[in-house]
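In the working numbering, the protein residues as written are 74 to 238.
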């Protein structure tokens, strides 16, 4: 029931946002003599967000698999943030994201995700593939900072942890 109320609230919020835009374009509300207004062609709301990746907990990592655990956590956290932002902000159409290293400002993951891309992402793919289809790229996927082997291992681990249904 609460989920249904949440969906209705998001639809109402989206409608209110569109209504406010349409009302702003209606010139006759300002005392204009003509009752016609400006016709809206397109509206796109873009959110730019940048966050620092969290490091793995010292108790959870041995020196041998620290990079692998960090990669798994980075992928899962990024996907969760994207989905939560689109759910919480129904008026946002595009998210421009950057994820930086926990200890510096070096970008390790970035991308531009369109709300419409969420519908085309298949549920059975790995997190890495879902993020790539959404438009997110990372150093983890075959550049010189990490091997693609590490990315494949992270995908396998995340798949074992459970897939979204």
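Note that the Cβ used here is the ideal one computed from N, Cα and C, for glycine as well.
All figures in this text were calculated on a predicted structure; none of them were measured in a lab.
- Rounded to the nearest whole angstrom, the CA to CA distance from residue 155 to residue 184 is 11 Å.
- Bridge pairing for residue 168: 120, 186 [DSSP].
- Under the DSSP assignment, residue 211 falls in the beta strand (DSSP E) whose first and last residues are 209–211.
- Under the Cβ criterion (8 Å, minimum of three pairs), the stretch 82–94 counts as touching the stretch 158–167.
- By the C-beta criterion, the stretch 165–184 is judged to be in contact with the stretch 146–155, since at least 3 inter-stretch pairs fall below 8 Å.
- Annotated as distal: residue 147 and residue 179, with beta-carbon spacing of 8 Å or more.
- Apart from the 5 residues on each side of it in sequence, residue 99 sits with its Cβ closer than 6 Å to the Cβ of 110 in its chain, given in chain order.
- Within the same chain, 129 come within 6 Å of residue 143 by CB-CB distance, once the 5 residues on both sides are set aside.
- The beta carbons of residue 207 and residue 190 sit about 5 Å from each other, so the pair counts as a contact at 8 Å.
- Between residue 172 and residue 124 the beta-carbon gap is near 6 Å, inside 8 Å, which marks them as a contact.
- Close CB contacts of residue 115 within its chain, under the 6 Å cut and outside five residues either way in sequence, are absent.
- DSSP places residue 173 within a strand segment (E or B) once states are collapsed to three.
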